[in-house]
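Here the structure is laid out as structure tokens; the discussion comes afterwards.
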Amino acid sequence: MRKTIVEILKNAGTDFISGESIAGELGISRTAVWKHIQKLRDSGYEIISRERRGYNLKDAPDLLLPSEIQIGLDTKIIANTTDKMYYYPAVESTNHEAKALAYHGAQEGTIIVAEEQSGGKGRLERNFYSPRGKGIWFSVILRPNFPPYEASKFTLMAAVAVAEAMARFNLKAEIKWPNDILFEGRKIVGILTEMSGEIGKINYIVIGVGINVNISHEDFPEDIRSVAASLSEMNGAPISRVKFFRAVLEEFDKLYLNVITSGFDDIINLWRKYNITLGKDIRVITMGDNGESYSGKAVDLDKTGALIVETEQGLRTVYAGDVSIRNLK
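Residues in the sequence shown are numbered consecutively from -12, following our numbering.
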């Protein structure tokens, strides 16, 4: 209902529109319209009211509210209905929320987005700085009819979706295997994919995405300042989080539809287009209690999306681990 009221006010432009007119269009009372207007004001919308003239939307907040995101959103699966979008001012982790919802049967394409995370995590259990109102911190629930060994490729898909959204804003993404997006060697985007499955079947996949949007260099904590960057730094000016999030969701939706109908070939080709890993000398730190480190050249991806590395001892395959690119600027 409030999403529709926002659309009506936006379509009116600089004109005022009466509460009676809004009530008639929505089939509700003028009192109900007034209550919705008050809730929108509480959410940060600057709505002017004039006696005998009605309401005018002067300004909308750059908050990731469903009422803002879904205006003009062109998706078929991802957040395509209002009941598939959960918004929180703050959470510990959007992935935690998404996994709980997925476990209890949330629909495919459901997204959870927050203005702030207090316990956001990236790959290898690293903390992910997620300050209020300066980034896009969200998770999406997918239920693909794929075997579990295909799950890792969905993380490549997520990286490509953000890269394609960046291209809409004339920003060139650089993807470091498997899914970090960098600017001048510093991370802008982190992605964490988690799966629930059984033999031969994926129950659900939760993909968490953290995008540094309007964080200045000085805003980053000192301990990560040298390794973190933001879209605004890359762009040279702030970027609308609402518009960028809409673009990410649309690219995510388009790529996912392609995957479930045609497989991952197009995703792999797009990943290769944006990647900065293949052909480079790298250092690998593998995961697990018996983790080891070694150097080599990244030469290809295998059919699961794992990284193939040429070492002095021969070819090795990295399924999970930390990869750093030598002399990356």
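Beta carbons are placed, not taken as given, at the ideal position from N, Cα and C, and that holds for glycine. Predicted model, so just to flag it, every value in this text is computed and none were measured.
Same chain, Cβ closer than 6 Å to residue i, five either side skipped, listed in chain order
| i | result |
| --- | --- |
| A85 | I99, S126, I128 and V193 |
| N201 | K121, S219 and P225 |
| R130 | E95 and Y191 |
| I312 | K267 and I269 |
| A93 | I128 |
| Y261 | A150, A160 and I162 |
| K284 | D268 and E297 |
| Q300 | none |
Pair within 8 Å by beta-carbon distance, residue i and residue j
| i | j | result |
| --- | --- | --- |
| L236 | I226 | no |
| K174 | A216 | yes |
| I78 | Q104 | Reading the sequence as shown, one finds Val at residue 78 and not Ile. Yes. |
| K140 | F251 | yes |
| G197 | W258 | no |
| V310 | V286 | no |
| P343 | Y73 | Since the displayed the chain opens at -12 and closes at 316, residue 343 lies outside it and no answer follows. |
| L60 | R233 | yes |
| A145 | I178 | yes |
Same chain, Cβ closer than 8 Å to residue i, neighbours up to 5 away in sequence not counted
| i | result |
| --- | --- |
| I64 | E95, G96, D240, Y243 and L244 |
| T1 | N43 |
| A138 | T180, M182, G184, I189 and I192 |
| A293 | S139, T304, V305 and Y306 |
| R40 | F3 and S5 |
| M(-12) | L13, I15 and H23 |
For residue j and residue i, believed in contact at Cβ under 8 Å, the rounded distance
| i | j | result |
| --- | --- | --- |
| V(-7) | S54 | 5 Å |
| I254 | V246 | 6 Å |
| T69 | K(-10) | 7 Å |
Buried versus exposed, by CB contacts within 10 Å (16 or more), residue i
| i | result |
| --- | --- |
| T338 | Residue 338 is absent from the model: the chain starts at -12 and stops at 316. |
| H91 | exposed |
| N157 | exposed |
| N199 | buried |
| N132 | exposed |
| L27 | buried |
| P208 | exposed |
| T264 | buried |
| L302 | exposed |
Neighbourhood of residue i by C-beta, 7 Å cutoff - its chain only, sequence neighbours within 5 removed
| i | result |
| --- | --- |
| E102 | L50, L51, P76, A77, R119 and G120 |
| I9 | I(-8), I(-5) and V20 |
| D152 | It should be pointed out that residue 152 corresponds to Ala in this sequence rather than to Asp. So the list reads F231, A234, V235 and E238, once near-sequence residues are dropped. |
| D289 | I295 and T304 |
| S211 | Here residue 211 turns out to be Ile, not Ser, going by the sequence shown. Cβ within range, chain order: Y116. |
In DSSP terms, what residue i is bridged to
| i | result |
| --- | --- |
| Y74 | V100 |
| E297 | K284 and L302 |
| Y317 | Nothing about residue 317 can be reported from this structure: the residues present for the chain run from -12 to 316 only. |
| W124 | A101 and G197 |
| D309 | I272 |
| I263 | Note: I263 sits in no beta bridge, so no partner. |
| A(-1) | Beta-bridge pairing links A(-1) to no other residue. |
Residue-level contact to chain B via CB, residue i, 8 Å cutoff
| i | result |
| --- | --- |
| F125 | Absence of chain B from the displayed structure is noted, only one protein chain being present. |
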